[in-house]
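Report on one structure; see the data block that follows.
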Amino acid sequence: MSALKIKKGSTSHSAYDLRDPFAEVMETHTLAVLVDNEAGVLARVIGLFSGRGYNIESLTVAEVDHEGHRSRITVVTTGTAPVIEQIKAQLGRLVPVHDVHDLTVEGPSVERELALFKVSGAGEKRVEALRLADIFRANVVDSTLESFVFEITGTPEKIDAFAELMRPLGLVDVARTGVAALARGA
Amino acid sequence: MKMMEMRTMSRQMTGAKMVVQALKDQGVDVVFGYPGGAVLPIYDEIFQQNDIRHILVRHEQGAVHMAEGYARSTGKPGVVLVTSGPGATNAVTGMTDALLDSIPLVVLTGQVPTFMIGTDGFQEADTVGITRPCTKHNWLVKDTEKLSETIHQAFHVATRGRPGPVLVDIPKDVQFATGTYRGPREAVASHYQPKVKGDLAKITELVELIETAERPIFYTGGGVVNSGPGASQLLRELADATGFPVTSTLMGLGAYPASGKGWIGMLGMHGLYEANLAMHDCDLMINLGARFDDRITGRIADFSPKSKKAHVDIDPSSINKVIHVDLAITGDVGHVLEDLLKVWKSRGRKVNKEGLAKWWGQIEQWKLKKCLTYKNSDKVIKPQYALERLEALTKGRDRYITTEVGQHQMWAAQFLGFEAPNRWMTSGGLGTMGYGFPASIGVQIAHPDALVINVAGEASWLMNMQEMGTATQFRTPVKQFILNNERLGMVRQWQQLLHGERYSHSWSESLPDFVKLAEAFGWKGIQCKDPKDLDDAIMAMIEYDGPVLFDCLVEKHENCFPMIPSGKPHNEMLLGDASTEGAIQAGGAVLV
Ligand SMILES: Cc1ncc(C[n+]2csc(CCOP(=O)(O)OP(=O)(O)O)c2C)c(N)n1
Ligand SMILES: [Mg+2]
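Residue numbers (our numbering), protein chains in the order written: chain W, 80 to 265; chain V, 86 to 677.
Here you go:
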């Protein structure tokens with residue numbers, strides 16, 4: 080947050096909106112959606128994105144409050160500024176949705192994703208894969224004589240970078256969880 | 086006291102009984118429905134009581150449109166009860182219609198028993214899956230303990246915030262099982278509480294704009310009607326006190342009276358010249374409960390280029406969806422207008438008198454175009470003439486109008502005047518042919534002594550004509566005023582203007598003899614084709630104590646003007662006497 084306490088971007092309903100409403104630039108936003116964990120709620124959220132032609136880059140969901148039956152859905156989406164505003168407004172009017180937070184504009188946040196990489200090979204390549212995994216702080220969670228499974232957490236960019244490096248070294252399979260994100264601070 | 090209440094309100098009963106009890110406790114007096122295997126327990130309960138009237142329809146789509154007519158004309162939610170599978174799928178069009186026009190409905194569907202869900206059981210359909218995108222919210226109730234509460238929640242969601250249709254899917258075993266009934270006040274409060282009060286700082290900003298605007302306009306929509314009679318009253322007060330012109334969308338007609346001094350007519354694709362030009366040239370546009378639909382805006386880039394735009398809407402997702410506005414006020418139109426009037430009065434009721442006088446001078450100039458002029462004939466009934474006569478002969482009466490979809494709908498909007506809200510029921514957002522006839526029955530059920538007229542096209546009317554039996558059975562004296570051009574007139578008009586006059590499948594072949602059809606159902610049938618006989622025929626229709634099918638044979642090739650072709654700005658409108666050749670270019674042709 081800036082010294083003036085004006086949130087960067089904020090919403091277009093705000094007087095402090097600093098973005099051009101007609102901008103055609105695509106932006107990527109991470110939204111945290113708090114919902115009642117009731118039957119069909121995920122279908123409702125996904126249906127909204129597909130029905131209205133919005134993009135989903137990644138989506139994670141899990142119950143975060145077992146007593147209150149609340150789930151947290153983290154969606155990474157891309158669109159122009161007005162489309163992002165629409166997505167938030169459309170999410171906000173779904174009945175089981177309690178809150179929509181745009182972590183990208185509501186001040187700093189942390190984002191993490193977990194991924195598993197299976198890399199197979201022998202000799203030089205195998206050694207190189209292990210060396211790079213170490214640099215990236217990836218753990219070996221399974222190994223055979225001709226393969227490793229690495230576990231890595233980090234930002235999606237870090238995971239992308241790791242994937243690029245593993246590709247020539249015998250990458251055979253990837254599983255990614257999608258992003259989990261929280262706002263920083265108390 | 087509270088304990089006592091709890092004890093009397095919470096009772097053990099079957100799910101089926103709960104349904105009826107919950108409807109009673111919600112003040113429901115009529116249900117539109119059709120039975121089937123999966124709702125038999127509920128129908129058994131309906132049989133054993135007299136508080137709720139059940140209107141047996143002839144097709145579930147009819148039930149939903151009737152409930153829409155009922156809801157739109159009373160302000161109360163309409164209630165529908167249908168069976169699983171085909172019963173539910175037949176209701177889909179009506180629910181989509183209600184969603185687009187923000188009509189509060191509670192639709193109850195039967196479902197196969199919980200232990201059969203997912204087995205492709207007889208008459209099983211994934212009703213909540215199918216209706217998820219065409220309801221405001223829906224529920225599958227798997228436990229009788231949760232049933233009463235869910236129904237109360239359903240009424241809450243349907244009527245709060247921006248109204249809309251909701252659906253509760255009730256498996257048959259849940260109807261048979263016994264559980265605890267909870268009354269509306271014991272139901273857990275829903276977190277769904279849309280904000281109705283507008284932000285005062287923003288309302289004050291709007292007042293500032295109102296005080297100085299030179300060319301202001303109120304652009305009102307269905308939201309004013311939905312907000313309740315109070316909102317219409319406040320709109321009238323504000324518009325008359327400021328002296329600002331008022332235009333309205335199709336859905337908002339009647340919120341401000343057609344006889345009001347600020348009224349400049351409907352806007353949009355088939356709106357009045359003066360209304361559309363005023364929208365284009367204004368310097369302050371005050372949108373009250375309308376949603377910048379594409380029928381209204383025309384080409385977005387050229388939409389009202391010189392104006393500051395304010396938008397009052399209860400649904401935040403309507404704001405900045407299509408048109409970026411300068412001032413957004415989220416809230417209920419009625420509440421916002423109340424505060425707006427207070428602030429405006431307290432600051433000395435200022436307006437820019439000089440600017441306004443000039444603005445009205447300009448509007449009067451536009452009115453001289455007389456954009457609704459048509460060439461009348463003494464040989465054939467012009468549809469516009471038929472509506473002018475209908476208007477003249479029914480004006481002073483307690484009158485409700487519904488319509489089907491097509492040219493006749495637009496002419497009805499242009500030529501009939503509405504003095505009060507909730508008197509005009511039409512399918513705006515979805516444009517559902519087949520809406521008007523069942524809707525007219527729903528209106529008549531709610532207002533048994535009123536004059537209810539469905540202005541119809543012959544093609545639309547045939548789409549739900551099975552409801553003739555319903556009208557006969559329940560003695561609803563609805564008047565079906567069919568402007569019969571033997572054409573899918575609106576389609577034919579587009580083909581003429583856009584598709585080189587190739588009239589592909591746009592005529593009505595093999596029409597029935599409407600008079601005989603009327604008689605077959607015990608109705609009165611009237612046919613009229615000579616303009617000289619029209620007044621007498623209309624009077625015969627009005628005065629007949631029962632349903633009437635009026636076959637008004639009109640000019641077959643009349644086009645509906647003014648018209649802003651899709652993709653054109655407001656100031657490039659086609660008028661009746663204009664050459665229409667090449668008026669619509671390829672770019673516009675892809676739009677609907
Ligand atoms: C269910 C449905 N199907 C198709 C259409 C497309 N459509 C719009 S108007 C129209 C013609 C309506 O003909 P009619 O009811 O005779 O009215 P007219 O335009 O002739 O007055 C059609 C087919 C529609 N709106 N709804
Ligand atoms: Mg027709």
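Every residue, glycine too, gets a C-beta built ideally from N, C-alpha and C.
Item, Value
"For W/G186, verify whether its CB is less than 7 Å away from any heavy atom of ligand 1.", "no"
"For W/V140, which beta-bridge partners are listed by DSSP?", "W/I152"
"Would DSSP call W/H177 helix, strand or coil?", "strand"
"Using only alpha-carbon positions, find the residue among V/V292, V/Q278, V/D417, V/D378 that is nearest to V/S651.", "V/D378"
"Would the beta-carbon of W/A262 fall within 8 Å of that of W/E136?", "no"
"Flag this pair as yes or no: are the beta carbons of W/R151 and W/A160 separated by less than 8 Å?", "no"
"May I have the straight-line CA-CA distance separating W/G88 from V/N644, to the nearest angstrom?", "Here W/G88 scores only 37 on pLDDT, less than 50, and its place in the model should not be relied on; the value that follows carries that caveat. Rounded to the nearest angstrom, the two C-alpha atoms are 49 Å apart."
"Compare the beta carbon distance of W/T153 and W/N134 with 8 Å and say whether it is the shorter of the two.", "no"
"Could you name the residues of chain V that W/H177 contacts, counting a contact when the two beta carbons are closer than 7 Å?", "H276"
"Along the chain, where does the beta strand (DSSP E) containing W/D115 start, and where does it finish?", "106-115"
"V/P218 and V/V191: beta carbons closer than 8 Å?", "no"
"Once DSSP output is grouped into helix, strand and coil, what is the label at V/G353?", "coil"
"Is V/V633 helix, strand or coil when you go by DSSP?", "strand"
"Out of V/Q551, V/A535, V/N570, which one is the CA nearest neighbour of V/A544?", "V/N570"
"Within 7 Å: the Cβ of V/L573 and any heavy atom of ligand 2?", "yes"
"Looking only at its own chain, which residues have a Cβ that is under 8 Å from the Cβ of V/Q551, when we skip the five neighbours before and after it?", "R143, H144, G147"
"Should V/S233 be flagged as near chain W, meaning a C-beta pair shorter than 8 Å?", "no"
"Decide yes or no for the touch test of the region 314-325 of chain V against the region 349-366 of chain V: beta carbon pairs closer than 8 Å, at least 3 of them.", "no"
"What separation, rounded to the nearest whole angstrom, lies between the Cα atoms of W/L250 and W/F227?", "10 Å"
"Using a Cβ-Cβ distance cut-off of 8 Å, determine whether W/G119 contacts chain V.", "yes"
"For ligand 1, is there any heavy atom lying closer than 7 Å to the beta carbon of V/N570?", "yes"
"Interface residues of chain C around V/K406 at Cβ under 7 Å?", "Note that chain C does not occur in the displayed structure, where the protein chains are W and V."
"According to the neighbour-count rule (16 or more other Cβ atoms, all chains shown, within 10 Å of its Cβ), is W/E236 buried or exposed?", "exposed"
"Pull up the distance between the alpha-carbon of V/K438 and that of V/W445, whole angstroms please.", "10 Å"
"Since W/A122 meets chain V, which of its residues come closer than 8 Å, beta carbon to beta carbon?", "G214, R217"
"Would you say the beta carbon of V/H150 comes nearer than 7 Å to a heavy atom of ligand 1?", "no"
"Tell me the residue span of the alpha helix (DSSP H) that contains W/P161.", "160-171"
"Cα separation between V/E473 and V/W496?", "10 Å"
"Alpha carbon to alpha carbon, how far is V/I385 from V/T479?", "39 Å"
"Taking DSSP's pairing of strands, which residues face V/P680 in a bridge?", "Any question about residue 680 of chain V goes unanswered here, given that chain V covers just 86 to 677."
"Using a Cβ-Cβ cut-off of 7 Å (strictly less than) and excluding sequence neighbours within five positions of W/A94, which residues of its own chain qualify?", "Bear in mind that a pLDDT of 40 at W/A94, under 50, signals an unreliable position, so the model cannot answer this."
"Would V/P401 count as contacting chain W if we go by Cβ distances under 8 Å?", "yes"
"Looking at the secondary structure, which residues open and close the alpha helix (DSSP H) in which V/A524 lies?", "521-531"
"With a threshold of 7 Å, establish whether the CB of V/G521 neighbours any heavy atom of ligand 2.", "no"
"For W/R210, count neighbouring C-beta atoms within 10 Å of its own C-beta (all shown protein chains included) and say buried if the count is 16 or more, exposed if not.", "exposed"
"Use the C-beta contact count for W/M80: other C-beta atoms within 10 angstroms, 16 or more gives buried, fewer gives exposed.", "Confidence is the limiting factor: at W/M80 the pLDDT is only 30, short of 50, which leaves the residue's position unreliable, though a coordinate-based value still follows. W/M80 is exposed by the Cβ-count criterion."
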